[in-house]
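Engineer: Chains as they are written, first to last, in our numbering: chain A, 1 to 239; chain B, 1001 to 1229; chain C, 2001 to 2229; chain D, 3001 to 3228; chain E, 4001 to 4228.
All C-beta atoms, glycine included, are put in the ideal place defined by N, C-alpha and C.
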Amino acid sequence: MHRFANPAQFNRLADAVMPWAMVATVLLFGAGLYYALAGSPPDYQQGESVRVMYVHVPAAWMGMFVYVVMAVASFAALAWRHPLALLAGKAAAPIGATFTALALITGALWGKPMWGTYWVWDGRLTSVLVQFFLYLGYMALWKSMEDEEKAGNAASILALVGLVNIPIIKFSVDWWSTLHQPASVMRLDGPTIDGAMLVPLFLMAAAYQVYFTVVFIWRMKFEINNRKLSVMRSVDMGH
Amino acid sequence: MIDANLIFDSETRLTGSALGCRRGGRRVFDGLDFEVQAGDFLSLVGKNGSGKSTFLRMIAGFVPKVAGEVIYNQGGKTAAALASEDITLVGHQNGLKPGMSLRNNATFYYRLMTGGVPAPERLQIAADIFALGSLLDEPVQYFSSGQRHRSALMRFPFVARQIWLMDEPTVGLDADNRAALAALIQHHMACGGIVIAATHDPMWVQGNVLNMDQFQPAHGTETDDEGWL
Amino acid sequence: MIDANLIFDSETRLTGSALGCRRGGRRVFDGLDFEVQAGDFLSLVGKNGSGKSTFLRMIAGFVPKVAGEVIYNQGGKTAAALASEDITLVGHQNGLKPGMSLRNNATFYYRLMTGGVPAPERLQIAADIFALGSLLDEPVQYFSSGQRHRSALMRFPFVARQIWLMDEPTVGLDADNRAALAALIQHHMACGGIVIAATHDPMWVQGNVLNMDQFQPAHGTETDDEGWL
Amino acid sequence: MSAQPSVSSVFVALVRRDMALAWSQGGASLLALGFFLIAVSLFPFGVGPEPQILARIAPGVIWVVALLACVVSLDRLYQADYEDGSLDDLTLSPLGLVGVAGAKVLAHWLSTTLPLAIAAPALAVLLNLPDAGYPVLVASLLIGTPALSLIGSIGASLTVAVRRGGVLMFLLILPLYVPTLIFGVGAVDAAVTMSDPLPHLALLAATTLVATVVGLAASAAALKLAME
Amino acid sequence: MSAQPSVSSVFVALVRRDMALAWSQGGASLLALGFFLIAVSLFPFGVGPEPQILARIAPGVIWVVALLACVVSLDRLYQADYEDGSLDDLTLSPLGLVGVAGAKVLAHWLSTTLPLAIAAPALAVLLNLPDAGYPVLVASLLIGTPALSLIGSIGASLTVAVRRGGVLMFLLILPLYVPTLIFGVGAVDAAVTMSDPLPHLALLAATTLVATVVGLAASAAALKLAME
Ligand code: HEM
Ligand SMILES: Nc1ncnc2c1ncn2[C@@H]1O[C@H](COP(=O)(O)OP(=O)(O)OP(=O)(O)O)[C@@H](O)[C@H]1O
Ligand SMILES: Nc1ncnc2c1ncn2[C@@H]1O[C@H](COP(=O)(O)OP(=O)(O)OP(=O)(O)O)[C@@H](O)[C@H]1O
Ligand SMILES: [Mg+2]
Ligand SMILES: [Mg+2]
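#1: Using a Cβ-Cβ distance under 8 Å, would residue 48 of chain A count as near chain B?
#2: Under 8 Å, do residue 4087 of chain E and residue 4227 of chain E count as touching if we go by C-beta distance?
#3: Relative to the C-alpha of residue 3172 of chain D, which candidate in D/3151, D/3186, D/3190 has its C-alpha closest?
#4: Which runs of the alpha helix (DSSP H), 4 residues or longer, sit entirely within the segment 3103-3133 of chain D?
#5: Nearest to residue 103 of chain A by alpha carbon, out of A/127, A/145, A/81?
#6: Grab me the residues of residue 975 of chain B's own chain with a C-beta within less than 6 Å of its C-beta, minus the 5 sequence neighbours each way, in chain order.
#7: Could you tell me which of D/3053, D/3077, D/3058, D/3061 sits nearest to residue 3230 of chain D, measuring between CA atoms?
#8: Quick one: grab the DSSP three-state call for residue 1170 of chain B.
#9: Quick test of your reading: residue 2053 of chain C and residue 1134 of chain B, contact by CB under 8 Å. State the CB separation rounded to the nearest angstrom.
#10: What do you get for residue 162 of chain A, buried or exposed, if any count of 16 or more other CB atoms within 10 angstroms of its CB means buried?
#11: At a CB-CB cut-off below 9 Å, which residues of chain B make contact with residue 147 of chain A?
#12: Is residue 1143 of chain B near ligand 2, judged by its Cβ being under 7 Å from some heavy atom?
#13: Going along chain D in order, which residues have a C-beta closer than 8 Å to the C-beta of residue 2062 of chain C?
#14: Which residues of chain C have a Cβ atom closer than 7 Å to the Cβ of residue 3021 of chain D, listed in chain order?
#15: Just to confirm the assignment, what range does the beta strand (DSSP E) spanning residue 1028 of chain B have?
#16: CB-CB under 8 Å to residue 2146 of chain C, same chain, minus the five flanking residues each way: which ones, in chain order?
#17: With distance defined between alpha-carbon atoms, name the residue in A/21, A/10, A/15 nearest to residue 207 of chain A.
#18: DSSP on residue 2130 of chain C, reduced to helix/strand/coil?
#19: Identify the residues that DSSP records as bridge partners of residue 1072 of chain B: which are they?
#20: Less than 7 Å separating the Cβ of residue 1053 of chain B from some heavy atom of ligand 4?
#21: As a quick exercise: from C/2125, C/2106, C/2057, pick the residue whose alpha carbon is nearest that of residue 2116 of chain C.
#22: Can you name, in chain order, every residue of its own chain whose Cβ lies under 6 Å from the Cβ of residue 1193 of chain B, other than the five neighbours on each side?
#23: Rounded to a whole number of angstroms, what is the C-alpha to C-alpha distance between residue 64 of chain A and residue 96 of chain A?
#24: For residue 4072 of chain E, collect the residues of the same chain with a Cβ closer than 7 Å to its Cβ; drop the 5 residues on either side in sequence, then sort them by chain order.
#25: Show which residues of chain D have a CB atom less than 9 Å away from the CB atom of residue 2083 of chain C.
#26: Using a Cβ cut-off of 8 Å (strictly closer), state whether residue 4046 of chain E contacts chain B.
#27: Measuring only the C-alpha atoms, how far is residue 2120 of chain C from residue 3011 of chain D?
#28: Let me check understanding here. Comparing Cα to Cα, which of D/3169, D/3048, D/3094 lies closest to residue 3074 of chain D?
#29: For residue 1113 of chain B, which residues in chain E fall below 9 Å Cβ to Cβ?
#30: Does any residue of chain C have a CB that is nearer than 8 Å to the CB of residue 1207 of chain B?
#31: Please name the residue or residues paired with residue 2021 of chain C in a DSSP beta bridge.
#32: As a quick exercise: from D/3064, D/3081, D/3041, pick the residue whose alpha carbon is nearest that of residue 4045 of chain E.
#33: What residue from B/1035, B/1039, B/1041, B/1030 has the CA that sits closest to residue 1051 of chain B's CA?
#34: Taking residue 1184 of chain B and residue 1129 of chain B to be in contact with their CB atoms under 8 Å, please state how far apart those CB atoms are, rounded to whole angstroms.
#35: Taking the beta strand (DSSP E) that residue 1041 of chain B falls in, what are its first and last residues?
#36: Please report the distance separating the alpha-carbon of residue 3070 of chain D from that of residue 3148 of chain D.
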C-alpha cells in the first residue's frame, strides 16, 4: 500500500508498466481473436454461435473482478483515508461497468439463438444486472457532490455494501435452477470444457486483463492530474 | 442560574497544538495552538472564511483534523467521550422542528442529551433567560428569525455541559437579548464552564481572543504530503 | 460605482398609512405609517418578533396587508409593477445554488431580472465591492457563512433597481465588509436610491429610524373584524 | 434606467437554468431515468418471468412507472427554490408567477419526462411488448407526459411549504393522473390488439391541453400563497 | 454533575420523537400509506380489470409498490435532521451514530413500513389475490419490511448531503431490494400455488438479518462522513 502511497511513486511505476501492458494487449487480443474466430472448432450443439462465448465469458469475469478491485480500493480509502485509493475506485468503476454491459449485451445476443429470447429473469442474469446498477449508483454518487472527497467516501461505502452481490452472481446458477449454465471453467474439480475451447478462452481472458490494466493506469493518471489541477486552481484563488 | 449549586471540574483543560484542518479539499488553517481551562472565555475572530466555524466543528469532532492534536485533561478523556459528555454546540442551523412547540423541542433535546425528563420549572427558567417563557407553547414555525435563534441558544443553560461552542451567537438578537447572552456566559464561567464563541460582534464579555487570520496556510503549502488531493 | 451616471427618478415616493399585517393567524403590527422618498435611508429597529421582516416582505408584495395602504408615486404605479421593476430584496436565505459558481449564480440572477447578459466587467466590479472577486469561479457550496451572505448582498449593486430592502444585512459580516456595505448604501442614496434595512447592528449610515415596537397591536385587538379567524 | 426587460428572454433564461441544474451533478434527469429503468425491471421479479404475462401488462407497467418516476422527480420542483430563497427572486422578476411556473414546467418536461418517453422502447423490450405497440407507446408518452409535468406542478406548488412534502405530493397528484394513464394505456393496448389508437390519443391530447390551463393557473396561485 | 445518562432511555426518546414526527401533520406515515393505496389502485387502470390477470400479478404488484412506498418515505429519513442541524445534536448525544441509525430505522419501521404490511390484505382484495395467499402475504411483509427500512437507511444516509437526493436514493437502493422482493413474492406465490412457502420465508429472514448488520454499520459510517 504505502509503496504506491504517493502519486509520484505511482506515476513512476505506471510509466514502467504501461508500454509492456500495451504491447501485451495487442498481442493477446490478436492471438485470442484469431483462435476465437478461426482457430477453434464450432460447437457440435451450438454451431458457430459458440464464438460469442469468447467475448461473453471473459467480460463477465472481468465485470466481477473489477468490482472486487473497486471494493478493495474503497476499503483502503475508508480505512486509511488514502486519496490515491479513492481515485483508484473512481478510475475502475466505468471500466467495470463497461465490461458488465458487454457481458449483458453479448449474453443477450447469445440468448436469442440459444434460448429463443434475448432476456429471461433468471438469477444469474438478474444479479449481473444488479451489479451493473451498482456500478451506475457508484458513479452517480461520485458525481452527486461537489466536494469530491465527500462524494468519494460515500461512493466507497456503497461499493462495500454491494460486495454481497458478488457471491450471489457466482452461486446464483447453483441456488436457482435456471437457464444459464453453471460454472464449467472456474470449478474446484477442474474445468469440464474441451481443450480446444479453453485455449482461446484463456487467451481472451488474459487479453481483457491486460487491457484493463492499460485503461486503469491511464484513467488513474488522468484523475490524479485532474486533482492536481483543481488544487492548483484553488491555491491561485488565494484562500 | 438554573442549577443553583453547579460547579464544573476546575481541573478541566483543553489544549490544541499545531492544528491543521482541511475542508472541501483545501487547507483552512494551519499551525493553530490554543488552550482553554475551566472558567475561560475564548472568542474567535477573523475575516469571513478564516475558519472560525470549521474550528468549532473540529473541536466537536465533526470535521477531522489533518495535523496536530487536541488533548483534554492530559489525555484523560477521548475525543468521543468529550463530544458526548461535555460539549454543547449551537451553529447557524437551529435544530428545531418547525411543527413542534418550543416546549416539545426543548424537552426532546433534554431527553436526547440526558435520557431524563426535565422538570417543568427547569424548562421555564431556561426559557425565561431569553424571554421565551410566553412562547413555550407556540409552534416554532411561527417564530421570527431572532426568536428561533434564541430558542437554539436556550440549549446552553438547559443541559449542564461544561464546554459551550457558540457560532455567531449574537446574530439577529436584539439589545436586551445580547445583554442576557453576556450575563449567561459570565455565569457559566463563574461555575467553571468554558465558552468558545466565534463572532463578528462585540460580546461584552472579558476573555482571550484568538485571531484566526494568523493561521491562514501560506501559499504553496498545498503541495505537501496531502496537498495534491 | 457600477453604473457611472445612474440617477434614479428623484420624484419617487413611497407612502404607507395605517398599515396592518397578520401572520400565522396573529396581528403582527398595526397602524404603521411611513414615508420614504428618493435618496432616503430608513432603518427598521425593534425587538425580535416585532415585525421587521414581515414589513419588508409586505412592501415587496409577498405578505398581504390586512389594513391600510401603500401608495407609490401618488398611485402612479401598481404594487405588482413596483415589485417587478423597482425592488431588490435580500433576506435570510441567500438564493444561491450551491453547485453553481458565484459567477453563474450572479449571471443567472442578472438575466432573470433584466433578460440581458451582464458585461464581465460589471460582474467583476459588483463582486469586488464585497471582496468576492477571487471567489467568482468557486462553487458557492464551499463558501463560509459570511461569504455566502456577501454573495447575496452583491445583488444590490449588480442590478439597477431603486428600492433596496435589506433584512439584517450586517449578519455575519466582518468589519471590512460592514464598511463596504455602508459605503454602498451611501452611494445608492446619492444616486437617488431608497434603502430600507431591518437591523440590530449599527449601520454606520445616517437616516430615519422606524421603531417597530411602537406598532405592536394592543392586547385584545385580536377580537376586531378579522380577529375571529 | 435600462430598457424594458424582454419577458421572453427572462423566460428562456429560467428554462435554461433549470435544465442545466437538472442535468448537473445530482440532477433530476439522469436519476429519474434511473428510477424508471430500475422500477420497471423490478416487475418481472415481482410478477414472474413468463413472457406472455409480461407482454400483457407491459403498457400498463411502463405507463404507471413513468408516472411514478415523474412524480418522484417533481418532488423538489419548487421546493429547492423556496428553501434557498430563489423563489423570492423569481417573484420579483418581470416574469410573473404564471411565467415562472410555465418556464419551470417546460424545463422539467424537456429535461426529465421527455427522456422517459425516449427510453421507454428499451424497457418495452425487457417486458416483451408486442412489436405493434412500440410506435404508439412512444407517441402516447410524447403526448401525455406534458400533462404529467403540468399536473405534477400543481402538487409540487401546493406542498412547497411543507417539509417532507414528497409523499404528500404523491397523494395529491396520483389521483389526478388517472385520466392520462387510462388514455395512454388505452392507446397502446389498442395498437397491440390491432384496433385504432387514434381516439385514445386524441383524448390524451385533450387532457394535456386542459392540464396546461389548469396546471399553470393553479401552480401560480399556490406559489403566491406559499410566499406569505 | 448529573448521573451518567442511560443510553437506552435516550434511544427510546429518539424512537418516540421520530414516531411522533412521522404521525404528525405532513408526516411520513399516513402519506406512505396513501401512496401505497393509490399506486396499487392505479394498476387495474393500467393493466385492465380482468380478474385472472390481476390475481396473477397481485403478489408482485403489492410487494413492488410496498417497496416503492417505503423508499419514497425514506427520502428524508436523515436529510431533515441534517438540514435543520438536529443531526449535530444527535451526534453529540450519548447514543453514538450506530444507535442513532438504529433508533431512526426502528421508528421508521414501526411508523411507516409496518402499517403497509397491515394494510396489504385490503389491497389484495382489490387485486383478487386467491384466499390461500393472505396469511403468507402478511407474514412475508412482516419479515421482509425491516430489511426494506434497513437497506433504505443506507441509501438515505449516503445521500444525506445531496440536494435532490430523493431520486438518487432510488437508484442506490432499488437494486439492493431485489433479494427481499424475490423471496417475499416467492413465498406468496408458493402459498397461492399450494407449495411450501417456508424456505422462501427463511431466506427472507436471512436477508433481514444481513441487512441489520450491514445497514446499521454502513448508515453510521455514511452519517459520520456527511457531518464533515
Ligand atoms: C444477458 C445474459 C447473460 C448474462 C448476464 C450472463 C452472465 C454470465 C456471468 C456473470 C458469467 C461468469 C460466471 C462465473 O464465472 O461463474 C457467465 C459465464 C458463462 N455464460 Fe453467461 N450470461 C448471459 C447469457 C448467456 C448465454 C445466453 C449463454 C449461452 C447459452 C451463456 C453461457 C455462459 C457460459 C458458457 C459461461 C461460462 C461458465 C463457466 O465456465 O464458468 N451466458 N455468464
Ligand atoms: N412564516 C411565518 N408564519 C407565521 N408567522 C410568522 C412567520 N414568520 C414570522 N411570524 C410571526 O410574525 C411576527 C413577526 O415576525 P418577523 O419575522 O417579522 O419579526 P422580526 O421583527 O423580523 O424579528 P427578528 O428580529 O427576530 O428577525 C412574529 O411574532 C412571528 O411569530
Ligand atoms: N461545507 C464546506 N465544505 C467545503 N468547504 C467549506 C465548507 N464550509 C466552509 N468551507 C471552506 O472553509 C473555509 C473556512 O470556512 P468557515 O465556515 O470555517 O469560515 P468562518 O471563519 O466561519 O467564516 P464566516 O465568518 O463567514 O462564518 C472557507 O474558505 C470555506 O470556503
Ligand atoms: Mg462561520
Ligand atoms: Mg427578521
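Structural biologist: Once the coordinates are examined:
#1: For residue 48 of chain A, the closest Cβ of chain B is not nearer than 8 Å.
#2: Yes, Cβ-Cβ distance for residue 4087 of chain E and residue 4227 of chain E is below 8 Å.
#3: Looking at the Cα atoms, D/3151 is the closest of the given residues.
#4: Counting whole runs of 4 or more residues, the segment 3103-3133 of chain D contains the alpha helix (DSSP H) stretches 3114-3126.
#5: Among A/127, A/145, A/81, the Cα nearest to that of residue 103 of chain A is on A/127.
#6: This structure gives no information on residue 975 of chain B, because the portion of chain B shown stretches from 1001 to 1229.
#7: A query on residue 3230 of chain D cannot be resolved here, the shown segment of chain D reaching from 3001 to 3228 and no further.
#8: DSSP places residue 1170 of chain B in coil when its eight states are reduced to three.
#9: Their Cβ separation, rounded to whole angstroms, is 20 Å, which puts residue 2053 of chain C and residue 1134 of chain B out of contact at 8 Å.
#10: Result: buried.
#11: Against chain B, the beta carbon of residue 147 of chain A has neighbours under 9 Å at 1023, 1024, 1025, listed in chain order.
#12: Result yes, Cβ under 7 Å from ligand 2.
#13: Going along chain D in sequence order, the residues near residue 2062 of chain C (Cβ under 8 Å) are 3088, 3091, 3227, 3228.
#14: Ordered by position in chain C, the residues that pass the 7 Å Cβ test against residue 3021 of chain D are 2097.
#15: First-last of the beta strand (DSSP E) with residue 1028 of chain B: 1026-1037.
#16: Residues 2172, 2173, 2174, 2177 of the same chain have their beta carbon placed closer than 8 Å to that of residue 2146 of chain C, with the five preceding and five following residues left out of the count.
#17: For residue 207 of chain A, the closest alpha carbon among the candidates A/21, A/10, A/15 is that of A/21.
#18: Collapsing the DSSP output to three states places residue 2130 of chain C in coil.
#19: Answer by DSSP bridge pairing, in chain order: B/1014.
#20: Residue 1053 of chain B Cβ: within cutoff of ligand 4.
#21: Closest in alpha carbon position to residue 2116 of chain C, among C/2125, C/2106, C/2057, is C/2106.
#22: Only 1008, 1162 meet the Cβ criterion.
#23: Between residue 64 of chain A and residue 96 of chain A, the C-alpha separation is close to 8 Å.
#24: Counting only residues of its own chain and dropping the five nearest sequence neighbours on each side, residue 4072 of chain E has a CB closer than 7 Å to the CB of 4032, 4035.
#25: Chain D residues near residue 2083 of chain C: 3091, 3092.
#26: Not one chain B Cβ lies under 8 Å of residue 4046 of chain E.
#27: Residue 3011 of chain D has its alpha-carbon roughly 22 Å from the corresponding atom of residue 2120 of chain C.
#28: Among D/3169, D/3048, D/3094, the Cα nearest to that of residue 3074 of chain D is on D/3169.
#29: Result: 4005, 4010, 4089, 4092, 4093, 4094.
#30: So, not an interface residue.
#31: BP columns for residue 2021 of chain C point to C/2029, C/2065.
#32: Each of D/3064, D/3081, D/3041 was checked against the Cα of residue 4045 of chain E, and the nearest Cα belongs to D/3064.
#33: It is B/1030 whose Cα lies nearest to the Cα of residue 1051 of chain B.
#34: Between residue 1184 of chain B and residue 1129 of chain B, the beta carbon gap of about 6 Å places them in contact (Cβ cut-off 8 Å).
#35: Note, residue 1041 of chain B: beta strand (DSSP E), 1041-1045.
#36: Near 7 Å, if we compare the C-alpha coordinates of residue 3148 of chain D and residue 3070 of chain D.
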